[in-house]
Amino acid sequence: MRDGALSGGRRALLHGDGVNERWVTLDLIHCLATRTIVYPYKVWGYGEAIGLEGLLAAADATGAPAYFQFVHGLIDAWVAARPEIGFADHVAPGQVLLAIYERTGDERLLRQALRLARFFAGLPRSPEGAALHRPDHPEFAAYVYVDCLAVDAPFLCHLAQLTGDAQFFRLATDLLLGHIRVLQDQTNGLFYHLYDSARRQTNGAFWGRGNGWAILGLLATLERLPHDDPAQGTIRTALERQAAALVKVQDESGHWHTVLDRPDTSLEASVSAFLSAALTHGVRVGLLPGWYLDTADRAWSALRTSVDANGTVAGVSQATPPGDAAHYNQVPTGGLYPWGQGPALLAATERLMADGAKHA
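Residues 0 to 359 in numbering that gives the first Met the number 0 are what the sequence shown spells out, letter by letter.
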């Protein structure tokens with residue numbers, strides 16, 4: 000983390016003998032959150048939900064009401080503007096919607112969540128059972144995207160817990176297992192960016208950020224799924240295989256390459272944010288063994304050096320459509336994106352909890 004991202008008092012702590020990591024991390028959270036709020040959210044585009052998840056985590060970690068108020072305002076405006084769910088909502092922040100409902104008790108939000116769940120239930124499926132999120136778009140109608148591992152199943156499991164309706168657990172696991180079947184490589188455990196269900200083939204590239212979406216989705220689903228659910232074992236195996244593979248392809252800098260198994264592609268900071276958050280969280284909740292913290296620590300150190308003086312995570316690639324390995328190297332980096340800011344906020348808040356547990 001560059002010194003400019005810190006207040007003067009916190010900056011001094013970095014150069015003293017007694018570094019107070021808690022204060023340093025809190026400053027970083029405020030810095031990141033302040034920037035995350037200024038992004039022009041489309042309501043909803045790919046990658047926006049995690050920005051809001053990060054802001055809610057920041058609100059919980061810091062007690063600052065502005066972060067919650069911003070997210071609440073966006074969600075409230077969406078519910079008021081679009082009482083009917085359509086394809087514009089296919090990557091809507093369902094987990095955030097439910098989190099706001101839990102905090103406010105606003106029944107309109109639960110009704111919107113139920114509409115969103117019905118939308119997911121009505122999506123066409125690939126022959127393998129994965130949801131096809133854009134059947135309305137001729138070019139993308141047959142595509143299964145890795146991003147959606149973090150969208151569908153975690154939300155549906157959360158909804159099942161809140162409503163007591165087990166059908167949402169079944170829908171969640173059906174969709175998630177379909178994605179695992181077509182996107183996780185059977186040899187190395189990494190996830191491809193895309194599966195074309197018409198051609199029955201993947202795009203052949205292990206996109207770094209996409210693997211961040213995948214591991215967060217696996218973790219969030221396992222946390223909420225009943226322990227005796229028949230899908231638990233398959234999902235846990237998918238998580239364990241992916242996590243082991245991610246350790247093997249981490250760069251010595253602590254970052255990962257934008258195509259994970261291609262060292263000739265650029266290093267990409269959002270991957271470090273995703274994986275620092277995911278691995279730290281996985282260990283904290285008991286879904287991954289403690290030795291993964293070594294990898295998470297290296298990712299956290301790399302991420303901190305990527306935050307600029309304004310609180311922007313530098314070195315994050317723009318919105319990235321699927322392609323071959325060479326394509327990912329041509330995607331520009333730089334700018335303010337919720338898919339960089341949100342994971343960084345999750346990584347920082349996870350770090351805060353991990354450090355707190357060490358000193359408890």
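Backbone N, C-alpha and C define an ideal beta-carbon position, used for all residues, glycine too. Computed from a prediction, not measured in an experiment: that's the story for all the values here.
Could you tell me the distance, in whole angstroms, from the CA atom of Gln94 to the CA atom of Arg102? Here residue 94 is taken as the residue at index 95 of the sequence shown, counted from 1. Here residue 102 is taken as the residue at index 103 of the sequence shown, counted from 1. Each residue's alpha carbon lies about 12 Å from the other.
First through last residue of the alpha helix (DSSP H) which encompasses Tyr100: By 1-based counting over the sequence shown, the position of residue 100 is 101. Counting along the chain, the alpha helix (DSSP H) containing Tyr100 begins and ends at Gly93 to Thr103.
Check whether the stretch 337-354 touches the stretch 49-68, counting contact only when three or more Cβ pairs, one atom from each stretch, lie closer than 8 Å. yes
Beta-carbon gap between Arg235 and Leu245 smaller than 8 Å: Position 236 of the sequence shown, counted from the first residue, corresponds to residue 235. Position 246 of the sequence shown, counted from the first residue, corresponds to residue 245. Not a contact, by the Cβ cut-off of 8 Å.
Rounded straight-line distance, which links the Cα of Ala63 to that of Gly334: Within the sequence shown, numbered from 1, the residue matching residue 334 stands at position 335. Within the sequence shown, numbered from 1, the residue matching residue 63 stands at position 64. Using only the alpha carbons, I get a separation of about 25 Å.
Does any C-beta atom of chain B lie closer than 8 Å to the C-beta of Glu52? Among the chains in the structure shown there is no chain B, since it carries only a single protein chain.
Determine the direct distance from the alpha carbon of Ala213 to that of Ala295, and round the result to whole angstroms. In the sequence shown, counting from the first residue as 1, residue 295 sits at position 296. In the sequence shown, counting from the first residue as 1, residue 213 sits at position 214. Each residue's alpha carbon lies about 16 Å from the other.
Within a Cβ cutoff of 6 Å, which residues of the same chain sit near Pro134, ignoring the five residues on either side of it in sequence? In the sequence shown, residue 134 corresponds to position 135, counting from 1. Excluding sequence neighbours, Pro134 sits near Pro123 and Ala140.
Is the number of C-beta pairs between the stretch 201-216 and the stretch 318-329 that are closer than 8 Å three or more? Contact between the stretch 201-216 and the stretch 318-329 is present, because at least three Cβ pairs lie under 8 Å.
Quick one: what does DSSP say Val70 is sitting in, helix, strand or coil? Translated into positions along the sequence shown, residue 70 becomes position 71. Helix, per DSSP.
Determine the extent of the beta strand (DSSP E) in which Leu55 is found, giving its start and end residues. Locating residue 55 in the sequence shown gives position 56, where the first residue counts as 1. Note, Leu55: premise wrong, no beta strand (DSSP E); alpha helix (DSSP H) at Glu47 to Thr61.
Rounded distance between the beta-carbons of Ser269 and Gly209, thought under 8 Å: In the sequence shown, the residue the question calls residue 209 occupies position 210. In the sequence shown, the residue the question calls residue 269 occupies position 270. With a contact defined as Cβ atoms closer than 8 Å, Gly209 and Ser269 miss out at about 11 Å.
In chain order, what residues of the same chain lie with their CB nearer than 6 Å to the CB of Tyr194, ignoring the 5 residues before and after it? Reading the sequence shown from its first residue, position 195 is the one you call residue 194. Closer than 6 Å at Cβ, skipping near neighbours: Val143, Val181, Leu182 and Thr201.
Could you tell me if His280 is buried or exposed, where buried requires 16 or more neighbouring beta carbons within 10 angstroms of its beta carbon? The count along the sequence shown starts at 1 and reaches residue 280 at position 281. That one is buried.
Under 8 Å Cβ to Cβ from Lys41, same chain only, skipping five residues before and after it: list those, please. Locating residue 41 in the sequence shown gives position 42, where the first residue counts as 1. Here the set comprises Glu47.
Does Phe205 come out as helix, strand or coil in the three-state DSSP assignment? Along the sequence shown, one-based indexing puts residue 205 at 206. Here Phe205 sits in coil by DSSP.
Give me the Cβ distance between Ala277 and Leu215, rounded to the nearest whole Å; I'm assuming they're in contact under 8 Å. Locating residue 277 in the sequence shown gives position 278, counting from the first residue. Locating residue 215 in the sequence shown gives position 216, counting from the first residue. Between Leu215 and Ala277 the Cβ distance is about 5 Å, and since that is below 8 Å, they are a contact.
Simplified DSSP state of Leu193, which is helix, strand or coil: Indexing the sequence shown from 1 puts residue 193 at position 194. DSSP places Leu193 in strand when its eight states are reduced to three.
Neighbourhood of Ala120 by C-beta distance below 7 Å, restricted to the same chain and skipping five residues each side: Reading the sequence shown from its first residue, position 121 is the one you call residue 120. So the qualifying residues of the chain are Leu170.
Cys147 vs His178 beta-carbon contact at 8 Å: Your numbering for residue 147 matches position 148 in the sequence shown. Your numbering for residue 178 matches position 179 in the sequence shown. Yes, Cβ-Cβ distance for Cys147 and His178 is below 8 Å.
Cross-strand partners of His89 (DSSP beta bridge): Here residue 89 refers to the residue found at position 90 of the sequence shown. His89 is not bridged to any residue.
With Ala130 and Leu174 assumed to form a contact (beta carbons below 8 Å), what rounded beta-carbon distance in angstroms separates them? Indexing the sequence shown from 1 puts residue 130 at position 131. Indexing the sequence shown from 1 puts residue 174 at position 175. Between Leu174 and Ala130 the Cβ distance is about 5 Å, and since that is below 8 Å, they are a contact.
Measuring straight from C-alpha to C-alpha, what distance separates Val258 and Ala298? Looking up residue 258 in the sequence shown gives position 259. Looking up residue 298 in the sequence shown gives position 299. Their Cα atoms are separated by approximately 16 Å.
What separation, rounded to the nearest whole angstrom, lies between the Cα atoms of Asp227 and Tyr100? For the purposes of this step, residue 227 is taken as the residue at position 228 of the sequence shown. For the purposes of this step, residue 100 is taken as the residue at position 101 of the sequence shown. In a straight line, the C-alpha of Asp227 is about 27 Å away from that of Tyr100.
Who are the near neighbours of Ala237 in its chain, counting only those whose CB is closer than 7 Å to its CB and skipping five residues on each side? Here residue 237 refers to the residue found at position 238 of the sequence shown. The residues are Ile179, Gln183 and Leu217.
Looking only at its own chain, which residues have a Cβ that is under 6 Å from the Cβ of Phe86, when we skip the five neighbours before and after it? Taking the sequence shown and counting its residues from 1, the one referred to as residue 86 is at position 87. Excluding residues within five positions, the ones whose Cβ falls inside 6 Å are Asp135.
Closest to Gly339 by CA distance: which of Asp307, Asp354 and Gln241 is it? Translated into positions along the sequence shown, residue 339 becomes position 340. The option with the nearest alpha carbon to Gly339 is Asp307.
My assumption, with CB atoms under 8 Å, is that Leu266 sits in contact with Ser275. Please give the rounded CB distance. Your numbering for residue 266 matches position 267 in the sequence shown. Your numbering for residue 275 matches position 276 in the sequence shown. Not quite, the Cβ-Cβ distance comes to about 14 Å (not below 8 Å), so this is no contact.
Hey, Ala112 and Leu96 are a contact pair by Cβ (cut 8 Å); roughly how many whole angstroms apart? On the sequence shown, residue 112 is found 113 positions in, with the first residue counted as 1. On the sequence shown, residue 96 is found 97 positions in, with the first residue counted as 1. Indeed, because the Cβ distance is near 5 Å, the residues count as touching under 8 Å.
Check Glu251 in the structure and name its three-state DSSP category. In the sequence shown, counting from the first residue as 1, residue 251 sits at position 252. Three-state DSSP puts Glu251 in coil, outside helix and strand.
What is the C-beta distance between Arg34 and Thr348, in whole angstroms, given that I count them as a contact (C-beta under 8 Å)? Taking the sequence shown and counting its residues from 1, one reaches residue 34 at position 35. Taking the sequence shown and counting its residues from 1, one reaches residue 348 at position 349. Not confirmed; about 16 Å, so no contact.
Suppose only complete runs of 4+ residues qualify. What are the alpha helix (DSSP H) ranges in the stretch 231-297, listed by chain order? 231-247 and 268-283
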